[in-house]
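Structure, as structure tokens:
Protein chains in written order, with the numbering used here: chain A, 11 to 393; chain B, 471 to 1033.
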């Protein structure tokens, strides 16, 4: 089990690495950026902005001294070994040489300025590789950077932190509802095979499986919100359990959950039919166990296996669907944030959201695998 | 059916054409014991037996066969099609989706020749019209074909609607100098002449052609202002004139009491004088407009009666002046302008929702098909390579698929669209590029099992090249599951496209897809439900149909899987 868990974790990390690399590459390929202004920014301001977003780095003074003059100016390309600046030190004037090829964004300080060792002397552009490694290491420190939209004032984690509870709550409700509703209907249909319960529920499930939240959401609002006026919609108070706040949460949750509930119902019914024809169930019945005990103790575990293995895709679908549901029901969640950021090319925000959702999905998939192994002894033995 | 039962005695002496495929004998046994319904008896285990008639191996099965069994020798695909024909849901789906495709792909023709309405035509006075309202189509005018109404249009009663070309007054003096004007205009186009001597080409043409005047039609056209004004101005709806007593809101209808009696009641003296001349004022005028004689003028009735004032004279002369005398005689008169009905209402710009829905069908279905095609090409080649070459190639390629499988796809698509720019072309490339994973897995699994079959070994022994074996002998036998999956992925892609368009990242205006129509409708769902209802129903219909077809195909191509 431990080895299995370890393997899945490593695979998850690999997936996460692919996500980060892919989004990083895509963002670097994208035309335009946060510094495209009609008027070019002054070099010092540009240098500050670029440094905030990891696009520029300091060249530090290798020793203390007073600046005599800069040997370069903004925008200059400097080859390795060429002079950058001249500093006066107690032992006379010394030239600072470039340790590598670089492009100068801006110089720091006027002649006569006293530098301590390690103070920034000039600001250079960073290479794509450096930026990539820097973002990898900052993601490893759970730092998702700063948003472009706020010009560097708001961290991505803060921005997501404000809206994430809403999405999380909606997702949790949806998954729970889908599982409870789907599995119980599926069990019922499987146990009462070829009765009207079976036919009705499976026909409804077939219809619902072909649905999508984008169709279901508007129709539910039209019927229950506009025509019948039973339920309000719009908005969402995260983790607030007042009745009027809960009422608002019903329609979005149902919209998100119904399609997957139908899938779970179909899969559970099929699983149930498969299980009840097996020998060990016949044995259990032959022993004279009461029917409820045969079902709850022997059949249930195997019957929900197909549904559990579908949890992974279902979670992915619910995460994706939540973006649309949030828009339909005006729910202030991460999805809405993500789309706005994508349209406005707020790359750190977009990337942060993608990484967040990928991490969630990967973790959820690992949890599903563990649950599967816990339910099915055959898988456990193989693992 | 988890453990293969022993072979039947019938089979024992026969050459086993399909070693390693226990399905057929197994089914024979079940058949005899009556465990299976007739409908799924004729099971050729399609992907196991490429191209060959299968029943000769099981004479026992033939004896018990029901009359519904397809004739021996029919190709596996043909048998699958017969089974599909029996699936009622799938056939309904097939007809519906065929209808949607036909409607969607003939959308321009339907709009031009049936509905007489172009997708861009905007009727601002009819913004948010409810379904069923009618108005004259301006882009593609049509006539109702009843010459009887000629008398109402022929105001001076001379038996013809005479027109003439009137030279533009300001340019009359220049008319003689037209060739010189033309030269100057052309000179401007070549950039030869200085700016101050530039003459617009339109001015030159007007000096030659002038303006088309049809006094009768022009009078009627002016009356249009009278009709358009009626309800907005005279619908007081409060006090004694109100249709229902105590109604606070204007009721958007005119009662006899509200209707203007004499020219003085109308604020615009010129329009009032014209209305009086045309006999539109007073009780007599009211009676002329009140077509259903219920004492109430609705907007529909006014639009209907106002048809006389909605002639497009250029169109009329171009299409119906057969003898070219610049006049429409009784014989040439094609009737009053036909009213176009907004069957599904209009949107906020007064565009016809039905026409937009048809054009949207074209976009949505096309994207579904094309993106599936992209995913088909990538997935099949990827899966075939992985499955056929096996070993390290396989484990590497499939590990890549596993890793990609964990990605939140829509987010990657959105990233792709943001980077590559939002266009319909990029949309379907992005959708196709991310939805090939399942296809690759399915094809790989199929190829893995087919690769070990005898006929593939025979092909290898014959010295065929690997590419030829893959293309001619392996891939054609994966067709069943691939068709099923491709059918099921079309609705999935359509939904994804709808998601993206809904979020404003997919199809860009003025183009529309079902997703973008739903997005527009969702913004004003409460007041104007028809804006979202019909696109949502259209999308739901397409999704149902495609899913039912996919399910039906799965059952037809792989009858073992059906319960």
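In this text, a Cβ means the ideal position worked out from N, Cα and C, and glycines have one as well. Computed from a predicted model, the values in this text were never measured in an experiment.
Neighbour list for residue i in chain A, Cβ cutoff strictly below 8 Å
i: residue 880/B; result: 330 and 333
i: residue 920/B; result: Chain A residues near residue 920/B: none, gap ~25 Å exceeds 8 Å.
i: residue 985/B; result: 224
i: residue 1013/B; result: 220, 221, 222 and 225
Local conformation of residue i per DSSP, three classes
i: residue 975/B; result: coil
i: residue 799/B; result: strand
i: residue 613/B; result: strand
i: residue 728/B; result: coil
i: residue 281/A; result: helix
i: residue 381/A; result: helix
i: residue 79/A; result: strand
i: residue 95/A; result: strand
i: residue 877/B; result: coil
i: residue 987/B; result: helix
i: residue 365/A; result: helix
i: residue 807/B; result: strand
i: residue 634/B; result: strand
i: residue 792/B; result: coil
i: residue 116/A; result: strand
i: residue 694/B; result: helix
i: residue 172/A; result: helix
i: residue 102/A; result: strand
i: residue 573/B; result: helix
i: residue 156/A; result: strand
Same chain, Cβ closer than 7 Å to residue i, neighbours up to 5 away in sequence not counted
i: residue 827/B; result: 814, 987, 1004, 1005 and 1008
i: residue 366/A; result: 170
i: residue 144/A; result: 64
i: residue 886/B; result: 900
i: residue 800/B; result: 617, 620 and 629
i: residue 666/B; result: Note that residue 666/B scores a pLDDT of 47, beneath 50, so its modelled location is shaky and nothing firm can be said.
Contacts of residue i in chain A (Cβ-Cβ under 9 Å)
i: residue 430/B; result: No answer is possible for residue 430/B: it lies beyond the span of chain B, which begins at 471 and ends at 1033.
i: residue 903/B; result: In chain order: nothing, as chain A lies at least about 12 Å away.
i: residue 796/B; result: By Cβ distance, chain A contributes nothing, its closest Cβ being about 53 Å from residue 796/B, past 9 Å.
i: residue 742/B; result: Within chain A, no residue comes near residue 742/B; the closest Cβ sits about 43 Å away, beyond 9 Å.
i: residue 900/B; result: Those do not exist, as residue 900/B stays about 11 Å from chain A at its closest Cβ, beyond 9 Å.
Residue i: contacting residues in chain B (beta-carbon distance under 7 Å)
i: residue 236/A; result: 995, 996 and 999
i: residue 338/A; result: 992
i: residue 326/A; result: 878
Expected contact under 8 Å - CB spacing of residue i and residue j to nearest Å
i: residue 138/A; j: residue 114/A; result: 18 Å between Cβ atoms; not a contact.
i: residue 787/B; j: residue 633/B; result: 6 Å
i: residue 68/A; j: residue 117/A; result: Not quite, the Cβ-Cβ distance comes to about 11 Å (not below 8 Å), so this is no contact.
i: residue 107/A; j: residue 70/A; result: That pair is no contact at about 13 Å.
i: residue 125/A; j: residue 77/A; result: 7 Å
i: residue 585/B; j: residue 904/B; result: Residue 585/B to residue 904/B, Cβ: 37 Å. No contact.
Where residue i meets chain A, residues with beta-carbon distance less than 7 Å
i: residue 889/B; result: 36, 39 and 40
i: residue 1006/B; result: 225, 228 and 229
Residues that residue i contacts on chain B, provided the C-beta gap is smaller than 9 Å
i: residue 25/A; result: 872, 873, 874, 875, 876 and 877
Close-in-space but distant-in-sequence residues of the same chain around residue i (CB under 6 Å, 5 per side omitted)
i: residue 343/A; result: 173, 176, 177 and 336
i: residue 200/A; result: 279, 282 and 283
i: residue 184/A; result: 263, 266, 267 and 328
i: residue 775/B; result: 759
i: residue 812/B; result: 599, 603 and 822
i: residue 557/B; result: 1022
i: residue 16/A; result: none
Chain-ordered chain B contacts of residue i [CB-CB under 8 Å]
i: residue 28/A; result: 873, 874 and 877
i: residue 367/A; result: 878 and 881
Sequence-distant residues of the same chain with beta carbon closer than 8 Å to residue i, five excluded per side
i: residue 155/A; result: 63, 64, 145, 148, 165, 166, 358, 361 and 362
i: residue 570/B; result: 831, 835, 1008, 1011, 1012 and 1015
Proximity test, Cβ basis, 9 Å: residue i and chain C
i: residue 907/B; result: The structure shown contains no chain C; its protein chains are A and B.
Note to self: Taking beta-carbon pairs under 8 Å, can you tell me which members of the stretch 944-977 of chain B lie near chain A?
What the structure shows: Result list: 961, 965, 968, 969, 972, 973, 974 and 975.
Next item on the list: With 9 Å as the C-beta to C-beta threshold (strictly closer), list the residues of the stretch 130-149 of chain A near chain B in chain order.
Entry: Correct list: empty, as no residue qualifies.
Check: In chain order, what residues of the stretch 847-861 of chain B put their CB closer than 7 Å to some CB of chain A?
Finding: The stretch 847-861 of chain B vs chain A, Cβ under 7 Å: nothing.
Item checked: Positions along the stretch 767-778 of chain B whose CB lies within less than 9 Å of some CB in chain A -> Cβ contacts with chain A come from no residue of the stretch 767-778 of chain B.
Note to self: Using a Cβ-Cβ cutoff of 9 Å, what residues of the stretch 543-572 of chain B are near chain A? List them in chain order.
What the structure shows: Listed by position, the residues of the stretch 543-572 of chain B near chain A (Cβ gap below 9 Å) are 559.
Note to self: Along the stretch 352-376 of chain A, where does the CB come closer than 8 Å to a CB of chain B? Name the residues.
What the structure shows: Contact annotation: in the stretch 352-376 of chain A, residues whose CB is within less than 8 Å of a CB in chain B are 352, 353, 355, 360, 363, 364, 367, 368, 371, 372 and 375.
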